[in-house]
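Below is one structure, written out as structure tokens, with a few remarks after it.
2 protein chains.
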Amino acid sequence: NADGAGDEDERGLFFKDFTTTSVLREDTKAKLMTLKGKFNGKDGDAVVLLEKLPFDKETVANLMSSSTMHQTLNNDIYSTYEAFPPTNFPDYKTTMIYPATEKHVIKYSEQDMYVVRETKDLYENVTKQCLEKNQFSIQWVYNILEKKCESERIVFEDPDPVNGFILLPDLKWNRKDLDSLYLVAITHNHIKSLRDLNKESLPLLKNILKSGTEAIEKEFNIPVSKLRIYVHYQPSYYHLHVHFSNLKFDAPGTDVLRAHLLDSIIENIEMDSQYYENKTLHYTVKENDVLHQAYKDHGYFK
Amino acid sequence: NADGAGDEDERGLFFKDFTTTSVLREDTKAKLMTLKGKFNGKDGDAVVLLEKLPFDKETVANLMSSSTMHQTLNNDIYSTYEAFPPTNFPDYKTTMIYPATEKHVIKYSEQDMYVVRETKDLYENVTKQCLEKNQFSIQWVYNILEKKCESERIVFEDPDPVNGFILLPDLKWNRKDLDSLYLVAITHNHIKSLRDLNKESLPLLKNILKSGTEAIEKEFNIPVSKLRIYVHYQPSYYHLHVHFSNLKFDAPGTDVLRAHLLDSIIENIEMDSQYYENKTLHYTVKENDVLHQAYKDHGYFK
Numbered sequence: 001n002a003d004g005a006g007d008e009d010e011r012g013l014f015f016k017d018f019t020t021t022s023v024l025r026e027d028t029k030a031k032l033m034t035l036k037g038k039f040n041g042k043d044g045d046a047v048v049l050l051e052k053l054p055f056d057k058e059t060v061a062n063l064m065s066s067s068t069m070h071q072t073l074n075n076d077i078y079s080t081y082e083a084f085p086p087t088n089f090p091d092y093k094t095t096m097i098y099p100a101t102e103k104h105v106i107k108y109s110e111q112d113m114y115v116v117r118e119t120k121d122l123y124e125n126v127t128k129q130c131l132e133k134n135q136f137s138i139q140w141v142y143n144i145l146e147k148k149c150e151s152e153r154i155v156f157e158d159p160d161p162v163n164g165f166i167l168l169p170d171l172k173w174n175r176k177d178l179d180s181l182y183l184v185a186i187t188h189n190h191i192k193s194l195r196d197l198n199k200e201s202l203p204l205l206k207n208i209l210k211s212g213t214e215a216i217e218k219e220f221n222i223p224v225s226k227l228r229i230y231v232h233y234q235p236s237y238y239h240l241h242v243h244f245s246n247l248k249f250d251a252p253g254t255d256v257l258r259a260h261l262l263d264s265i266i267e268n269i270e271m272d273s274q275y276y277e278n279k280t281l282h283y284t285v286k287e288n289d290v291l292h293q294a295y296k297d298h299g300y301f302k
Numbered sequence: 303n304a305d306g307a308g309d310e311d312e313r314g315l316f317f318k319d320f321t322t323t324s325v326l327r328e329d330t331k332a333k334l335m336t337l338k339g340k341f342n343g344k345d346g347d348a349v350v351l352l353e354k355l356p357f358d359k360e361t362v363a364n365l366m367s368s369s370t371m372h373q374t375l376n377n378d379i380y381s382t383y384e385a386f387p388p389t390n391f392p393d394y395k396t397t398m399i400y401p402a403t404e405k406h407v408i409k410y411s412e413q414d415m416y417v418v419r420e421t422k423d424l425y426e427n428v429t430k431q432c433l434e435k436n437q438f439s440i441q442w443v444y445n446i447l448e449k450k451c452e453s454e455r456i457v458f459e460d461p462d463p464v465n466g467f468i469l470l471p472d473l474k475w476n477r478k479d480l481d482s483l484y485l486v487a488i489t490h491n492h493i494k495s496l497r498d499l500n501k502e503s504l505p506l507l508k509n510i511l512k513s514g515t516e517a518i519e520k521e522f523n524i525p526v527s528k529l530r531i532y533v534h535y536q537p538s539y540y541h542l543h544v545h546f547s548n549l550k551f552d553a554p555g556t557d558v559l560r561a562h563l564l565d566s567i568i569e570n571i572e573m574d575s576q577y578y579e580n581k582t583l584h585y586t587v588k589e590n591d592v593l594h595q596a597y598k599d600h601g602y603f604k
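In order, the protein sequences belong to chains P and F. The numbering used here numbers the first residue of the first sequence as 1 and each following residue consecutively. The numbering used here numbers the first residue of the second sequence as 303 and each following residue consecutively.
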């Protein structure tokens, strides 16, 4: 049902009573769109993310042969068609946040971006204070770590409270198409971000690198030479997690202005335990991010 | 009809008799796939490009309300669904090349990629030797530096032979659309790559960062806070050059497995002059690259 209280495996026209109030963002290259809307007769905004599913090797032949094609061009050896598939093919995935706060709306809206060149001092005086004042709830992370939710999705766990972690598929991955394989290792240890990593974190980081890649090779038969393994800074939530994505997958957040290779993090800390405490870190902020506002108030942007 | 000879506006199950012989390439982010196949009882290969259509603002509300949703997750305020739309929405576009030659097949095929974890030793024993044996001509770089070609495209030059450089638009940029602004600074000094940078390179690197961004701000009114400034490793040619691209532009080669921020390079060398001589560097190679072959011959890939 529409308010998200239904059982999994339920099917229906859950968005029949949904009214779109605005398009927040669209990406025509990635075929995704984010919307804000309401359910008729219910309070609160919903933020809805729509994303077309990639073609699936297993079913593409069946999809093509059963799609009604509308020919739109025919020139020499080239022809083009618009395709209308039958109803038994899943076509797009939908993620709903309901009820959504203004922060969620901003997060999924299109905005101007700026590079922040965060020195150690700026981290201490601007970033850290801003994040302490504006904490998003990460209840959903604790739900996973405490096995209250998504426990059936866990691919691997090392339960050690200091050096252990839970490895599970990222929400962006359907767990079927190996070319877009995307998993996340969430640490049991409560570490906020890259800035807090030092030589005490090395056993944890090395454990994630070794056990995480072994679990992925065992479970999905994807070797380490086909994986991109990295941490985001800034992260989307301040509880340490490591991303594992298939090289073939042009995953969001692999840009040099956001991703830091786990292997390089380990090497840099081995060279200097305070590397990430002292390093100037570069990342982008969006116009409506609280961090952008904090840096603006600080006079960082002229 | 299946051989592409039909009229425009014709509709039908044109691919009913199509058999896929191989998937040439897929891009799960852009939701596209290229296939090779045959029509039953007909000669000749067809190359078929499939690409999901982006969501359409005009029809998205109707699409959502009429799609059957299968709930796949429900955690706190988040829920996810697989959506099965009715048959009256065009879902993907198809481009067919028929009959297709072997060149068409290669053009639309994917090569496998692998991560190389290049330690200092592997650089000395494999990469360096491979690059020395397989030198591509970079005459075109010298033509630019000696003003034999493209001199009318130069945006800025510092002629100093040690610390100077030429700044000009990258070939991928049309010099008009500022959102996809992309320039390259090519050094007068003959330095091969990131591996060869050390404290002697600092005046050059700092000069490129300062004078390059000043020239871009003056000429195009794009401030440094809107630019991504980086070096590739591996580069596409072995003469040092620095990329300046607009943040808004999802430029190729900004992945953490290829791009190194100029600002971080300077900081790392200031910390340790031999940082890039000693660092383990990660990058991807494609199956047909000479470097992939060299690493394979060395027994690097099991």
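By construction, the Cβ of each residue, glycine as well, lies at the ideal position given by its N, Cα and C atoms.
#### Entry: CB of residue 397 of chain F within 8 Å of CB of residue 351 of chain F, strictly
Within the second sequence, the letter at position 95 stands for residue 397 of chain F. Within the second sequence, the letter at position 49 stands for residue 351 of chain F. Cβ atoms of residue 397 of chain F and residue 351 of chain F: closer than 8 Å.
### Query
Which whole-angstrom value describes the C-beta separation of residue 381 of chain F and residue 373 of chain F, a residue pair presumed to lie in contact below a C-beta threshold of 8 Å?
Working through the second sequence from its first residue, we reach residue 381 of chain F at position 79. Working through the second sequence from its first residue, we reach residue 373 of chain F at position 71. Right, the Cβ-Cβ distance comes to about 6 Å (below 8 Å), so this counts as a contact.
### Message
Comparing C-alpha positions only, which one of F/539, F/401, F/507 and F/482 sits nearest to residue 568 of chain F?
### Response
Position 266 of the second sequence holds residue 568 of chain F. Nearest option by C-alpha distance: F/507.
### Message
Using C-beta distances below 8 Å, list every residue in its chain close to residue 8 of chain P, excluding the 5 sequence neighbours before and after it, in chain order.
### Response
The count along the first sequence starts at 1 and reaches residue 8 of chain P at position 8. Unreliable positioning characterises residue 8 of chain P in this predicted model, as indicated by a pLDDT of 48, which lies under 50. The coordinate reading is nonetheless provided below. Excluding residues within five positions, none has a Cβ falling inside 8 Å.
### Task
Grab me the residues of residue 104 of chain P's own chain with a C-beta within less than 6 Å of its C-beta, minus the 5 sequence neighbours each way, in chain order.
Here the question's residue 104 of chain P lines up with position 104 in the first sequence. Contacts found: 47 and 97.
### Message
Please identify the residue among P/159, P/56 and P/111 whose C-alpha is closest to the C-alpha of residue 187 of chain P.
### Response
Residue numbering aside, residue 187 of chain P sits at position 187 when the first sequence is read from its first letter. It is P/159.
### Task
Would you mind telling me which residues of chain P sit closer than 8 Å to residue 343 of chain F, beta carbon to beta carbon, in chain order?
Position 41 of the second sequence, counted from the start, is the residue given in the question as residue 343 of chain F. Within chain P, no residue comes near residue 343 of chain F; the closest Cβ sits about 15 Å away, beyond 8 Å.
### Task
Keeping to the same chain, check which residues put their C-beta closer than 7 Å to that of residue 81 of chain P; ignore five residues upstream and five downstream.
Taking the first sequence and counting its residues from 1, one reaches residue 81 of chain P at position 81. Same-chain partners within the cutoff: 69, 70, 71 and 72.
### Own chain, CB closer than 6 Å to residue 5 of chain P, minus 5 neighbours either side, in chain order
Locating residue 5 of chain P in the first sequence gives position 5, where the first residue counts as 1. In this predicted model, residue 5 of chain P has a pLDDT of only 42, less than 50, meaning its place in the structure is not dependable; the value taken from the coordinates is given anyway. Nothing meets the Cβ criterion.
### Rounded straight-line distance, which links the Cα of residue 110 of chain P to that of residue 19 of chain P
Counting from one through the first sequence, the residue named residue 19 of chain P turns up at place 19. Counting from one through the first sequence, the residue named residue 110 of chain P turns up at place 110. Taking the straight line joining both Cα atoms gives about 20 Å.
### Message
What does DSSP give as the partner residue(s) for residue 78 of chain P in the beta ladder?
### Response
Stepping through the first sequence from its first residue, residue 78 of chain P is reached at position 78. Beta-bridge pairing links residue 78 of chain P to P/75 and F/399.
### Task
Report, in whole angstroms, the separation of the C-beta atoms of residue 422 of chain F and residue 579 of chain F, which I expect to be a contact under 8 Å.
Here residue 422 of chain F refers to the residue found at position 120 when the second sequence is read from its first residue. Here residue 579 of chain F refers to the residue found at position 277 when the second sequence is read from its first residue. With a Cβ gap of about 7 Å, residue 422 of chain F and residue 579 of chain F count as contacting.
### Query
Using a beta-carbon distance cut-off of less than 7 Å, what residues from the region 280-299 of chain P approach chain F?
280, 282 and 284
### Where residue 304 of chain F falls: helix, strand or coil (DSSP)
Your numbering for residue 304 of chain F matches position 2 in the second sequence. Residue placement at residue 304 of chain F is flagged as unreliable, the pLDDT there being 41, under the threshold of 50; the coordinate-derived value follows with that caveat. Note: residue 304 of chain F maps to coil in three-state DSSP.
### Task
Compare the beta carbon distance of residue 647 of chain F and residue 470 of chain F with 8 Å and say whether it is the shorter of the two.
Since the first and last residues shown for chain F are 303 and 604, residue 647 of chain F lies out of range.
### CB of residue 222 of chain P within 8 Å of CB of residue 178 of chain P, strictly
In the first sequence, counting from the first residue as 1, residue 222 of chain P sits at position 222. In the first sequence, counting from the first residue as 1, residue 178 of chain P sits at position 178. Yes. Within cutoff.
### Close-in-space but distant-in-sequence residues of the same chain around residue 419 of chain F (CB under 7 Å, 5 per side omitted)
What you label residue 419 of chain F is simply residue 117 of the second sequence in a count that begins at 1. For residue 419 of chain F, where only same-chain residues beyond five positions count, the Cβ hits under 7 Å are 582 and 584.
### Query
Hey, would you say residue 155 of chain P sits closer than 8 Å to residue 208 of chain P, going by beta carbons?
By one-based count along the first sequence, residue 155 of chain P stands at place 155. By one-based count along the first sequence, residue 208 of chain P stands at place 208. No.
#### Entry: Paired residues, beta bridge with residue 577 of chain F - DSSP
Within the second sequence, residue 577 of chain F is the residue found at index 275, counting from 1. Per DSSP, none; premise fails for residue 577 of chain F.
### Query
Would you say the region 535-549 of chain F touches the region 225-233 of chain P, given that touching needs at least three Cβ pairs under 8 Å?
no
### Message
So for residue 558 of chain F, helix, strand or coil by DSSP?
### Response
Indexing the second sequence from 1 puts residue 558 of chain F at position 256. If DSSP states are grouped into helix, strand and coil, residue 558 of chain F belongs with coil.
### Message
I'd like to confirm the pairing. Which residues does DSSP put opposite residue 22 of chain P in its beta bridges?
### Response
Translated into positions along the first sequence, residue 22 of chain P becomes position 22. In the DSSP output, where bridge partners are listed per residue, residue 22 of chain P has P/36.
#### Entry: Secondary structure of residue 228 of chain P, DSSP reduced to three states
Residue mapping note: residue 228 of chain P aligns to position 228 of the first sequence, counting from 1. Strand, per DSSP.
### Message
So for residue 457 of chain F, helix, strand or coil by DSSP?
### Response
Position 155 of the second sequence holds residue 457 of chain F. If DSSP states are grouped into helix, strand and coil, residue 457 of chain F belongs with coil.
### Task
Kindly indicate which residue of P/234, P/140 and P/26 has the alpha-carbon position closest to the one of residue 171 of chain P.
For this step, residue 171 of chain P is matched to residue 171 along the first sequence. Selected option, being the one with the closest Cα: P/140.
### Query
The alpha helix (DSSP H) spanning residue 522 of chain F covers which residue range?
Reading the second sequence from its first residue, position 220 is the one you call residue 522 of chain F. Looking at the DSSP string, the run of the alpha helix (DSSP H) that includes residue 522 of chain F is 504-522.
### Message
Applying the 10 Å Cβ sphere with the 16-neighbour rule, what's the burial state of residue 408 of chain F?
### Response
Position 106 of the second sequence, counted from the start, is the residue given in the question as residue 408 of chain F. It is exposed - the Cβ of residue 408 of chain F has fewer than 16 other Cβ atoms within 10 Å.
### Query
Who are the near neighbours of residue 346 of chain F in its chain, counting only those whose CB is closer than 8 Å to its CB and skipping five residues on each side?
Here residue 346 of chain F refers to the residue found at position 44 of the second sequence. Same-chain partners within the cutoff: 340, 400, 401 and 402.
### Query
Helix or strand or just coil, what does DSSP make of residue 434 of chain F?
Here the question's residue 434 of chain F lines up with position 132 in the second sequence. Here residue 434 of chain F sits in helix by DSSP.
### Task
In the DSSP assignment, find the unbroken alpha helix (DSSP H) run with residue 61 of chain P in it and report its ends.
In the first sequence, the residue the question calls residue 61 of chain P occupies position 61. Counting along the chain, the alpha helix (DSSP H) containing residue 61 of chain P begins and ends at 60-66.
### Query
Under 8 Å, do residue 594 of chain F and residue 484 of chain F count as touching if we go by C-beta distance?
Taking the second sequence and counting its residues from 1, one reaches residue 594 of chain F at position 292. Taking the second sequence and counting its residues from 1, one reaches residue 484 of chain F at position 182. No, these two residues do not count as a Cβ contact at 8 Å.
### Task
Tell me whether residue 123 of chain P sits in a helix, a strand or coil according to DSSP, three-state version.
One-based indexing of the first sequence puts residue 123 of chain P at position 123. The answer is helix: DSSP assigns residue 123 of chain P an H, G or I state.
### Message
With a threshold of 6 Å on Cβ separation, who are the neighbours of residue 459 of chain F within its own chain once the five nearest residues in sequence on each side are excluded?
### Response
As a working mapping, residue 459 of chain F is identified with position 157 in the second sequence. Result list for residue 459 of chain F: 468, in chain order.
### Query
Cβ atoms of residue 273 of chain P and residue 199 of chain P: under 8 Å apart, would you say?
For the purposes of this step, residue 199 of chain P is taken as residue 199 along the first sequence, with counting starting at 1. For the purposes of this step, residue 273 of chain P is taken as residue 273 along the first sequence, with counting starting at 1. In contact: residue 199 of chain P and residue 273 of chain P (Cβ atoms closer than 8 Å).
### Query
Relative to the alpha-carbon of residue 87 of chain P, which residue among P/255, P/67 and P/295 has its alpha-carbon at the smallest distance?
Your numbering for residue 87 of chain P matches position 87 in the first sequence. The shortest C-alpha separation from residue 87 of chain P is found at P/67.
### Task
Answer with buried or exposed for residue 586 of chain F, where buried requires no fewer than 16 other C-beta atoms within 10 angstroms of its C-beta.
Numbered from its first residue, the second sequence carries residue 586 of chain F at position 284. The residue is buried, with at least 16 neighbouring Cβ atoms inside 10 Å.
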